[in-house]
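Those letters in the sequence shown? Residues 1 to 365, per the UniProt record's numbering, in order.
Note that beta-carbon positions come from the ideal geometry of N, C-alpha and C, so glycine has one too.
Below: the structure, in structure tokens.
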Amino acid sequence: MILKELISNLAILVAILFVYTQLTNSSPLRRTSSRRQKITAGVLAGILSNVLMLYSIPMDSVIIDLRHIPVVLMSYYGGSIPALIAMVLTIIGRFLFGFTTQAVLAIIFIGGTTFLTLFITRLELSKMKKVFLALTLSNLIFTIMLTFLSLRIDTLISFGLSYWSISYLAGFLSFYVVEYVRRNQRILNKYKSESVTDGLTGLNNVRKFDQLFNDVCTEAQDRDEKVSLLYIDIDHFKKVNDTYGHVEGDQVLVELSHILTSTVRSFDHVSRNGGEEFTVILLACPAQRAEEISERIRKKVQNHFFRLATGESITITVSIGIACYDETTNTPQLLIEEADQALYEAKQAGRNQVYLSNKFAREHV
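Structure, rendered in structure tokens:
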């Protein structure tokens with residue numbers, strides 16, 4: 001009967017932990033988490049401990065359950081703030097069953113477990129050793145508390161063995177569930193990020209660009225806002241790769257991405273569309289302003305010394321084509337075609353140029 005009820009506690013614990021990890025996918029609890037997040041986690045852990053107490057097993061003058069597991073988890077993952085909050089809420093919940101000798105022993109048990117676990121998590125031990133040591137000391141405290149009660153020796157031994165077994169199982173299974181779900185979430189988030197992020201520069205990739213471009217076009221038409229698109233290409237980039245190698249060429253691409261992101265506004269969209277071709281979607285930006293930004297980019301690149309791994313520095317130039325809705329076209333979906341054509345004209349004109357669609361050009365030496 002004891003084993004059956006403890007397994008029910010275990011099922012509740014694992015189910016709630018699984019739901020919690022799903023709901024906190026974007027911001028899992030860490031020791032570096034914000035105070036607000038730690039307080040929230042501590043409150044939730046305290047509630048979980050109280051739920052487990054509602055399904056506790058009364059045996060003679062003892063009430064047993066797995067209330068200590070959420071507190072141990074908070075100590076391990078979040079540190080003192082969530083652990084102490086969970087501990088206090090657990091103590092308050094225990095008092096609802098009455099203020100008795102058993103309640104005092106329960107307070108000593110949960111308090112001792114909390115502080116010992118907080119101490120253990122600071123030791124230079126492996127993850128599994130920390131978990132094992134925390135659960136072992138918690139079980140020892142519980143066993144010591146039992147000796148203060150008038151239980152028959154056979155009952156004490158039987159009860160203790162069952163409790164230790166389930167406590168270990170619950171503790172390790174709880175940690176396994178949290179670690180397993182978090183690991184899979186990290187992998188999934190990594191895949192999601194890589195599906196829309198350029199692996200070299202960290203900018204949006206062409207897939208993300210297409211998504212952003214379609215969204216921006218729709219919003220521009222709905223709100224009647226101006227949107228400018230820059231097509232940027234490194235001049236003679238093949239020579240850089242042929243002369244210095246692709247590794248050094250990649251370093252040039254990374255540095256150029258930094259120049260682009262630092263030159264445009266924080267809410268503009270910078271993408272690497274492949275090879276040495278970059279795009280910038282300038283939101284709420286008329287053609288004249290887009291030209292000014294493009295010229296600033298061109299000058300920054302021209303005057304920047306790109307440092308290679310060999311210690312050598314080189315310079316490069318870029319050509320930029322510009323299109324603007326609703327100044328160079330009344331159809332935002334044509335921005336790509338027009339900006340690409342303007343870029344072609346900039347290269348035909350000698351490179352290191354900024355060209356606006358509709359053949360309005362400004363040449364720079």
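- For Phe115, the uninterrupted alpha helix (DSSP H) segment begins and ends at 101-120.
- Taking a cut-off of 8 Å for Cβ pairs, the segment 169-186 and the segment 204-223 do not touch, as fewer than three such pairs fall below it.
- By the 16-neighbour rule on beta-carbons within 10 angstroms, Val131 is buried.
- The shortest CA-to-CA distance from Val252 to any of Thr279, Leu96, Leu200, Thr143 is the one to Leu200.
- The Cβ atoms of Leu343 and Asp233 lie closer than 7 Å to each other.
- The beta strand (DSSP E) runs lying completely inside the segment 246-316 and spanning 3 residues or more are 269-274, 277-283, given in chain order.
- Classified as buried, Tyr77 has 16 or more neighbouring CB atoms from the shown chains inside 10 Å of its CB.
- The alpha-carbon separation between Arg298 and Leu335 amounts to approximately 20 Å.
- Between Glu338 and the set Lys127, Tyr355, Ala349, Arg351, the nearest pair of CA atoms involves Tyr355.
- No residue range can be given for Ala349, since it is assigned to no beta strand (DSSP E) and is classified by DSSP as neither H nor E.
- Comparing C-alpha distances from Asn358 to each of Ala346, Thr328, Thr279 shows the shortest one belongs to Thr328.
- As the crow flies, the alpha-carbon of Ile81 is around 15 Å from that of Leu116.
- Residues Leu203, Asn204, Asn205, Lys208 of the same chain have their beta carbon placed closer than 8 Å to that of Thr197, with the five preceding and five following residues left out of the count.
- Rounded to whole angstroms, the Cβ separation of Ala284 and Ile322 is 15 Å, and the two are not in contact under 8 Å.
- For Gly321, the enclosing beta strand (DSSP E) begins and ends at 318-325.
- With fewer than three CB-CB distances shorter than 8 Å, the segment 29-40 does not count as touching the segment 92-102.
- The beta carbons of Thr21 and Val240 sit about 47 Å from each other, so the pair does not count as a contact at 8 Å.
- Bounds of the beta strand (DSSP E) holding Asp233 are 227-234.
- Within the segment 135-200, not a single complete beta strand (DSSP E) segment reaches 3 residues in length.
- At the C-beta level, Ile281 and Val178 stay beyond 7 Å of one another.
- Thr218 sits in a helix when the DSSP states are folded into three classes.
- Taking 7 Å as the cut-off, the Cβ atoms of Ile85 and Gly42 count as close.
- For Tyr244, the uninterrupted alpha helix (DSSP H) run begins and ends at 237-244, by DSSP.
- In this structure, Glu124 sits away from Ile57, with a CB-CB distance that is not shorter than 7 Å.
- The alpha-carbon separation between Ile108 and Leu212 amounts to approximately 57 Å.
- Pairing Ser162 with Asn139 gives a Cβ-Cβ distance that is not under 7 Å.
- Rounded to whole angstroms, the separation of the alpha carbons of Arg265 and Gly245 is 32 Å.
- Excluding residues up to 5 positions away in sequence, Phe109, Gly112, Thr113 lie with their Cβ nearer than 7 Å to the Cβ of Ile141 in the same chain.
- Here the alpha carbon of Phe237 sits roughly 18 Å from the alpha carbon of Glu345.
- One thing to note: Arg31 has its Cβ within 7 Å of the Cβ of Gly79.
- Contact between Lys226 and Ile259 does not hold, since their C-beta atoms are separated by about 24 Å, which reaches or exceeds 8 Å.
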